[in-house]
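First residue of the sequence shown: 1, per my numbering; consecutive thereafter.
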Amino acid sequence: MIIEVLTLFPELFPGPLSAGVTGRGLTAGLVTLRVHNLRDYTHDRHRQVDDVPYGGGAGMVLKPEPIFEAVRARSGTGPVILLTPQGELLRQELVRELAAHDDIYLICGRYEGVDERVAGHLVDREISIGDYILTGGELPAMVVIDAVSRLVSGVLGSEESPKDESFDEQLLEYPHYTRPAVFEGYAVPEVLLSGHHAEIERWRRSQAAERTRRRRPDLMDRQPG
Ligand code: 4HQ
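Printed below as a string of structure tokens:
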């Protein structure tokens with residue numbers, strides 16, 4: 001899979017993506033990251049990427065021309081995505097959809113945001129990683145790349161393989177424990193030491209259901225997909 005990124009801060013990549021599972025996916029060539037500097041798509045003396053907002057107000061807005069030029073110069077055919085708090089919330093179902101493409105193109109904004117004509121007439125979809133305001137779209141892009149990369153065939157080892165996760169997505173995970181059986185006086189639940197696999201399965205299901213009901217009832221209301 002080829003993942004392209006358009007950013008004013010190309011030096012931020014691959015950053016944390018170079019470690020662990022995502023790093024292995026990159027070095028193995030299963031995922032190719034191509035990072036483009038937005039400033040390289042300007043033509044004026046000052047390589048200007050931003051300008052004052054029409055109608056006034058604080059901050060600067062990314063100009064449309066360099067972004068349109070960059071996207072029009074790409075070779076891929078997959079979805080063009082703008083990272084923005086105004087976008088569709090990133091969920092595993094959407095991650096799965098993105099991972100099914102041969103390539104995706106991620107646009108990272110900065111400052112107050114991006115001229116609305118980019119969202120209106122250039123991108124295929126707008127995605128948000130959550131309801132908080134960051135300083136730029138680069139961390140959200142890395143979140144998308146991490147989540148998508150682990151679904152690319154061969155990136156996860158056979159051990160950590162993404163079984164059918166769609167069922168589990170409506171539930172939080174059950175609690176996990178490892179040795180020692182007693183740590184600072186805190187014991188691992190007895191049932192997990194019993195070796196009774198049917199009992200253990202039943203306990204895990206009920207734990208997952210109960211903590212989801214308490215912590216994230218919204219997940220239980222959602223249709224599977
Ligand atoms: N941004 N999910 C880029 C975000 C964001 C998010 C704020 C996007 C700043 C310029 N992006 N602008 N949350 O906070 O995707």
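Cβ coordinates follow ideal geometry from the N, Cα and C atoms, glycine included.
Just so it is clear, the structure is predicted and the values come from calculations on it, not from any experiment.
Residue span of the beta strand (DSSP E) that contains residue 22, given as start and end:
No beta strand (DSSP E) contains residue 22, which is instead part of the alpha helix (DSSP H) from 20–27.
What residues in its chain sit with their C-beta under 6 Å from that of residue 219, if we drop five residues either side in the sequence?
Only 170 and 212 meet the Cβ criterion.
Below 8 Å CB to CB, which residues in the same chain sit around residue 194 once its five sequence neighbours on both sides are set aside?
Closer than 8 Å at Cβ, skipping near neighbours: 200.
Report the partner residues of residue 70 according to the DSSP bridge assignment.
DSSP output for residue 70 lists no bridge partner at all.
Measuring only from the beta carbon, is residue 128 closer than 7 Å to any heavy atom that is part of the ligand 4HQ?
The closest heavy atom of the ligand 4HQ lies less than 7 Å from the beta carbon of residue 128.
Supposed contact pair residue 38 and residue 49 - C-beta distance, whole angstroms, cut 8 Å
Sure, about 5 Å apart at Cβ, within 8 Å.
Short check: CB of residue 151 to CB of residue 95, under 8 Å?
With contacts defined by Cβ atoms closer than 8 Å, residue 151 and residue 95 form a contacting pair.
DSSP three-state label for residue 225, please.
Bear in mind that the predicted position of residue 225 carries a pLDDT of just 46, short of 50, making it too unreliable to give a figure here.
Can you tell me the Cβ-Cβ gap for residue 79 and residue 117, rounded? I've got them flagged as a contact below 8 Å.
Contact flag wrong, Cβ pair sits at about 18 Å.
Alpha carbon to alpha carbon, what distance is there between residue 102 and residue 177?
Our two residues, residue 177 and residue 102, have alpha carbons roughly 38 Å apart in a direct line.
Just list the alpha helix (DSSP H) runs in the stretch 93–141, keeping only unbroken ones of 4 residues or longer that don't cross its boundaries, in chain order.
Within the stretch 93–141, the runs of alpha helix (DSSP H) at least 4 residues long that lie entirely inside it are, in chain order, 116–121.
Helix, strand or coil for residue 84? Go by DSSP, reduced to three states.
In this structure, DSSP gives residue 84 an extended state, which the three-state scheme calls strand.
Which whole-angstrom value is the C-beta distance of residue 106 and residue 81, which I expect to be below 8 Å?
About 5 Å; that satisfies the 8 Å criterion.
Three or more C-beta pairs closer than 8 Å, one from the stretch 140–148 and one from the stretch 5–25: is that the case here?
In this structure the stretch 140–148 touches the stretch 5–25; the number of beta carbon pairs closer than 8 Å is three or more.
How far does the beta strand (DSSP E) with residue 34 in it reach, from first residue to last?
Boundaries of the beta strand (DSSP E) around residue 34: 32–37.
Would you be able to state if there are at least three C-beta pairs under 8 Å between the stretch 107–115 and the stretch 63–74?
The stretch 63–74 vs the stretch 107–115: in contact.
Decide if residue 87 is buried, meaning its Cβ has at least 16 other Cβ atoms within 10 Å, or exposed.
Burial of residue 87 is indicated by the presence of at least 16 other C-beta atoms within 10 angstroms of its C-beta.
Between which two residues does the alpha helix (DSSP H) holding residue 201 run?
In the DSSP assignment, residue 201 falls within the unbroken alpha helix (DSSP H) covering 197–215.
Would you say the beta carbon of residue 133 comes nearer than 7 Å to a heavy atom of the ligand 4HQ?
Because some heavy atom of the ligand 4HQ lies under 7 Å away, the Cβ of residue 133 counts as near it: yes.
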